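Novice: Protein chains in written order, with full-length UniProt numbering: chain P, 1 to 261; chain S, 1 to 192.
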């Protein structure tokens, strides 16, 4: 049994923990064992972990754009391992609740494990309280989890974008989170090498009051530049839009031919 | 920065990864009572973690003592909390600014990342533009500045220092703390 069980609690019985839910604690203890295999023992938060996957992680594309009444999230479709593309239709996003979507990149096993742990807790909260957490509340919850992981024996190596639309005010929001658990609310964001190409394009072209169509145009502009400049094929983008009505899969033309500069 | 019966604290708004700017709306000053302010520079994740930690500790203090925390008490809390992490520190250099509740005297101090307090009667600087800030403050600051003159002094010192530093700037927040008034001003600053 893991260390997080409360003393005196009977295994197999429902537990009431003071602030965090029993399910959350159970999730964490349950998952900690298989993640121990052959990884660095002494995390040093000043230096990025020197994993063999550092290059891959930076090659993965995550993009986010907010507009007047929507948040667009795009993620590259390639699942990479070393020099190999294992899958060309990977979806690096998880829906946390009706109005919030999270995209993730980083070390292979960590990403999905962490994202689904967050997803499960967001959904548990919605079921227990019959209310969804707002995108801002979720972003701070995720930061808390990532920050406590950062100073644990083996931190999660996950970069995230969290996009949402507030269920009450309908205000769109986008949160940028990296594996050090730095949290920043931003109008547009990217992760990995994509930052260097896309942020400058969005600096020039983004306005806070743009419509969804214009958002898709900006995304195409970014995708074209990535195809032109990134040394490997990231197999196109999965694009999803968060609006007040929920999360929509957006059609996106991955086969556009881009002339190199 | 200390003035006559008033004190000022200011920060820039940049969040970056080395040379890459991620956000230009990341305030680094936090309020922990009517006249108690904390500025945090350093690793962004620890800025958030440490500010949240002190919000918790100060709330607990207020419930236990049924009064607001005094700046000097808060400074000692910051120091001991940072030294708790002596061999695995939070990578932050905090600055505390406030007015003593009984006397109304200005109080400022700075810390290193493991909690060594640096008391000062003029100004405290911290962050990537430390050297530039020292130069600006040494030349602009003088004793017994009034609130308006203090605002001008701290703003000019900050803006001109960060313009000579590639890793900071992109707007600023300035707080002027007086006995019965706290004024927060947002400065635009250079956006390039």
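Ideal placement from N, C-alpha and C gives every residue a C-beta, glycine not left out.
Bear in mind that the values here come from a model prediction, so they are computed numbers and not experimental data.
Mapping DSSP to helix, strand and coil, what is residue 59(S)?
Specialist: As a first step, residue 59(S) is located in the second chain; it is residue number 59 there, counting from the start. In this structure, residue 59(S) counts as helix in the three-state DSSP scheme.
Novice: Quick one: list the residues of chain P neighbouring residue 22(S), beta-carbon separation under 9 Å, in chain order.
Specialist: One-based indexing of the second chain puts residue 22(S) at position 22. Here the neighbours are 176, 178, 182, 184, 186, 189, 195, 199.
Novice: Check the DSSP bridge columns for residue 156(P) and list the partner residues they point to.
Specialist: Position 156 of the first chain, counted from the first residue, corresponds to residue 156(P). Residue 156(P) is not bridged to any residue.
Novice: Tell me the rounded alpha-carbon separation between residue 254(P) and residue 135(P).
Specialist: Counting from one through the first chain, the residue named residue 254(P) turns up at place 254. Counting from one through the first chain, the residue named residue 135(P) turns up at place 135. Rounded to the nearest angstrom, the two C-alpha atoms are 29 Å apart.
Novice: Mind checking residue 56(P): buried by the 16 CB within 10 Å criterion, or exposed?
Specialist: Taking the first residue of the first chain as position 1, residue 56(P) is located at position 56. The residue in question, residue 56(P), is buried, as its Cβ has 16 or more Cβ neighbours within 10 Å.
Novice: For a quick check, are the C-beta atoms of residue 98(S) and residue 177(S) less than 8 Å apart?
Specialist: Residue 98(S) sits at position 98 when you count from the first residue of the second chain. Residue 177(S) sits at position 177 when you count from the first residue of the second chain. Yes, these two residues count as a Cβ contact at 8 Å.
Novice: Could you name the residues of the region 52-79 of chain S whose beta carbon sits closer than 9 Å to any beta carbon of chain P, in the order they occur along the chain?
Specialist: Of all residues in the region 52-79 of chain S, 52 have a Cβ within less than 9 Å of some Cβ in chain P.
Novice: At what residues does the alpha helix (DSSP H) containing residue 149(S) begin and finish?
Specialist: For the purposes of this step, residue 149(S) is taken as the residue at position 149 of the second chain. 147-162 is the span of the alpha helix (DSSP H), which, as asked, contains residue 149(S).
Novice: Between the region 36-50 of chain S and chain P, which residues of the former have a C-beta closer than 9 Å to a C-beta of the latter?
Specialist: Listed by position along the chain: 43, 44, 45, 46, 47, 48, 49.
Novice: Tell me, which residues are paired with residue 175(S) by DSSP?
Specialist: By 1-based counting over the second chain, the position of residue 175(S) is 175. According to DSSP, residue 175(S) bridges with 9(S), 184(S).
Novice: Against chain S, with Cβ distances strictly below 8 Å, would residue 143(P) count as a contact?
Specialist: Locating residue 143(P) in the first chain gives position 143, where the first residue counts as 1. Yes, its Cβ sits closer than 8 Å to a Cβ of chain S.
Novice: Would you mind listing the beta strand (DSSP E) stretches within the region 103-143 of chain S that are 3+ residues and don't spill past its ends, in chain order?
Specialist: The qualifying runs are 106-111, 117-119.
Novice: Chain P partners of residue 111(S), CB-CB under 8 Å?
Specialist: For this step, residue 111(S) is matched to residue 111 along the second chain. Simply none; closest approach about 18 Å.
Novice: Since residue 227(P) is in the alpha helix (DSSP H), which residue starts that stretch and which ends it?
Specialist: Here residue 227(P) refers to the residue found at position 227 of the first chain. That run of the alpha helix (DSSP H) goes 212-229.
Novice: At a CB-CB cut-off below 8 Å, which residues of chain P make contact with residue 26(S)?
Specialist: Along the second chain, one-based indexing puts residue 26(S) at 26. In chain order: 184.
Novice: Expressed to the nearest angstrom, what Euclidean distance is found between the alpha-carbon atoms of residue 168(P) and residue 61(P)?
Specialist: Numbered from 1 along the first chain, position 168 holds the residue referred to as residue 168(P). Numbered from 1 along the first chain, position 61 holds the residue referred to as residue 61(P). So the alpha carbons of these two residues sit roughly 31 Å apart.
Novice: Consider the C-beta atom of residue 66(S) and the heavy atoms of the ligand MG; say whether any pair is separated by less than 7 Å.
Specialist: No copy of the ligand MG appears in this structure; indeed no ligand is present at all.
Novice: Leaving out five residues on either side along the sequence, give the residues of the same chain with a beta carbon under 6 Å from the beta carbon of residue 94(P).
Specialist: For the purposes of this step, residue 94(P) is taken as residue 94 along the first chain, with counting starting at 1. Excluding positions up to five away in sequence, the list reads 102, 115, 119.
Novice: Would you say residue 147(P) lies against chain S (beta-carbon separation less than 8 Å)?
Specialist: Taking the first chain and counting its residues from 1, the one referred to as residue 147(P) is at position 147. Output row for residue 147(P): interface = yes.
Novice: Is the Cβ-Cβ distance between residue 288(P) and residue 219(P) less than 8 Å?
Specialist: As shown, chain P starts at 1 and ends at 261. That puts residue 288(P) outside it, with no answer to give.
Novice: Since residue 70(P) is in the beta strand (DSSP E), which residue starts that stretch and which ends it?
Specialist: Indexing the first chain from 1 puts residue 70(P) at position 70. Counting along the chain, residue 70(P) falls outside any beta strand (DSSP E), and DSSP gives it neither H nor E.
Novice: DSSP has residue 85(P) in a bridge; who is on the other side?
Specialist: By 1-based counting over the first chain, the position of residue 85(P) is 85. Answer by DSSP bridge pairing, in chain order: 80(P).
Novice: Which residues of chain S have a Cβ atom closer than 7 Å to the Cβ of residue 150(P), listed in chain order?
Specialist: Along the first chain, one-based indexing puts residue 150(P) at 150. Under the 7 Å cutoff, chain S gives 45.
Novice: Whose CA, out of 239(P), 145(P), 109(P), lies closest to the CA of residue 251(P)?
Specialist: Within the first chain, numbered from 1, the residue matching residue 251(P) stands at position 251. Checking every option, the nearest Cα to that of residue 251(P) belongs to 239(P).
Novice: Along chain P, which residues have their Cβ under 8 Å away from the Cβ of residue 13(S)?
Specialist: Stepping through the second chain from its first residue, residue 13(S) is reached at position 13. Near residue 13(S) there are no residues of chain P at all, since even the closest Cβ is about 11 Å away, more than 8 Å.
Novice: Whole angstroms is fine: what's the gap from residue 69(S)'s alpha carbon to residue 36(S)'s?
Specialist: The residue you call residue 69(S) lines up with position 69 of the second chain. The residue you call residue 36(S) lines up with position 36 of the second chain. Near 8 Å, if we compare the C-alpha coordinates of residue 36(S) and residue 69(S).
Novice: Tell me, which residues are paired with residue 104(P) by DSSP?
Specialist: One-based indexing of the first chain puts residue 104(P) at position 104. Residue 104(P) is bridged to 160(P).
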